[in-house]
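The sequence shown begins at 1 in the numbering used here and counts up by one.
Think of the CB as a built atom: it goes at the ideal place given N, C-alpha and C, for glycine as much as any other residue.
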Amino acid sequence: MGVKTYNPYENMLLVMDQAAERLGLRKDDYEWLRYPERELTVSIPIKMDNGELKVFQGYRVQYDSTRGPYKGGIRYHQDSDLDEVKALAGWMTFKCAVVNIPYGGAKGAVRVDPRELSRDELIRLTRRYTTRILPLIGPDQDIPAPDVNTNGEVMGWIMDTYSMFHGHSVPGVVTGKPLEIGGSIGRAEATGRGVIIVAMHCLKKMGLDADKLTYVVQGMGNVGGTAAANILYQEGKKVIAVGDYSGGVYKEDGLNIPEITEFLDGGKRCLKEYESEGILRLTNDELLECKCDVLIPAALENQITKEIAEHISAKVIIEAANGPTTVEADEILKERGVIVVPDILANAGGVVVSYFEWVQNIQSLAWDLDEVNVMLEKIMLRAYDDVEEMANDKNSTMRMGAYMVAINRICTAGRLRGGPISMA
Ligand code: GLU
């Protein structure tokens, strides 16, 4: 294994520092925001089906709570580590501030490849992890949600474990739950729907006709495949290439996305196994560099590196994943005139509908799909316009604009609370 050079937390700090400087803040004004408020590392011992004991490592980082309770997903991934979770928790803080919902930011992870666990092992892992982070979470404290390789079912197990310890049902402790136990209609596809709302708004503002463009999606999970690619397809857009961890597939006149989604069967199969007449195979790099108008990275961090950025042919990148573009790559894309709609704006639809779910849980109410989608669109478009206005005002990229909107809101809240800034 090579030396790990990419550190997402440092990547985030670099961007934060630049944005704070552009806003005219002194180091003392925001230094506190460069550190997570709380970091928890836990051990998760579980009995495997063969009787053996295995100990996994897990994390929950509570980055900032100035604007409200901590909020953010939990991912299951073999490469997760504390620096990744710190970055993801920071990004959640900025994301919630950009869309102006009353939350701070947090993130959790378990270092595990869930494909190697049976369902029973996964349940035991989830329950034990929940007990480890139990003192930190709660509907007024810190509200987890799905992320990479977790879903509504996993949220149900977390809610159940938390509720058992409290002796009564506490649906508001997690969002992204199944509908039957207090989930919100529209939550499962909300991140992808938000990505498309923002993408269409951006293309319109650029004077491009979305129906005549070609789209490429990297990632066939809940955000990329199930939602974004499928919504594009339903709206008659041409998705010419998609990819997952096994590689990509390409078809010049457009792929049959519903057929691919059905084939993948919620992650039971991968794209390498998919066969269809006229498709070409792509490597991950070829997928990202392939000739198209709109590129939607919807997988993991550190995908658009400086090497890839030099060869990207898309005019617009909509970041559905968290942290897909490195700082160096961002510079190159800026020079090359590629518009990047940043993650903390583009993929905020998930946490926006998580917020609706939490509000419904508190009020013991259930909204209908129309209410959810209308409110989602309103919030996403308002956030886009706030970011664009800031970017125009400060003559910066959309990423800088988004960070400036976020830092401004968080620091203002900090001042109003008489917090670290006033104490300085
Ligand atoms: N994991 C999602 C994200 O990165 C959703 C978080 C949430 O709903 O709390 O935005």
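The residues ILE46, in chain order, have a CB closer than 6 Å to that of ARG124 in the same chain once the five nearest residues on each side in sequence are set aside.
Boundaries of the beta strand (DSSP E) around TYR76: 74 to 76.
The residue among ARG34, LYS272, ASP293 with its C-alpha nearest the C-alpha of VAL15 is ARG34. Remark: C-beta atoms of THR161 and ARG127 approach each other more closely than 7 Å. Taking MET404 as reference, the option from LEU416, ASN395, MET390 with the minimal CA-CA separation is MET390.
Separation of SER246 and GLY267 (C-alpha to C-alpha, rounded to the nearest whole angstrom) is 11 Å. With respect to the 7 Å criterion, THR150 and ILE74 are classified as neighbours on the basis of their beta carbons. Pairing VAL341 with LEU40, the inter-Cα distance amounts to about 32 Å. A distance criterion of 6 Å places the beta-carbon of ALA145 in contact range of the ligand GLU, judged by its closest non-hydrogen atom. With a threshold of 6 Å, the Cβ atom of VAL351 counts as near the ligand GLU, since some heavy atom of the ligand is closer than that. Taking 7 Å as the cut-off, the Cβ atoms of THR93 and TYR63 count as close.
When rounded, the separation of the alpha-carbon atoms in TRP358 and ILE379 is 16 Å. Taking each of ASP49, ASN361, VAL174, LEU295 in turn and checking the Cα distance to GLU116, the smallest one comes out for ASP49.
ASN11 and GLY167 have their C-alpha atoms some 42 Å from each other. Note on geometry: alpha-carbon atoms of TRP32 and THR131 lie some 29 Å from one another.
Inclusion of HIS311 and GLU289 in the CB contact set at 7 Å is warranted, their separation being smaller than that value.
With a cutoff of 7 Å on beta-carbon distance, LEU208 and TYR250 are scored as not near each other. Here THR126 carries a helix assignment [DSSP, helix/strand/coil].
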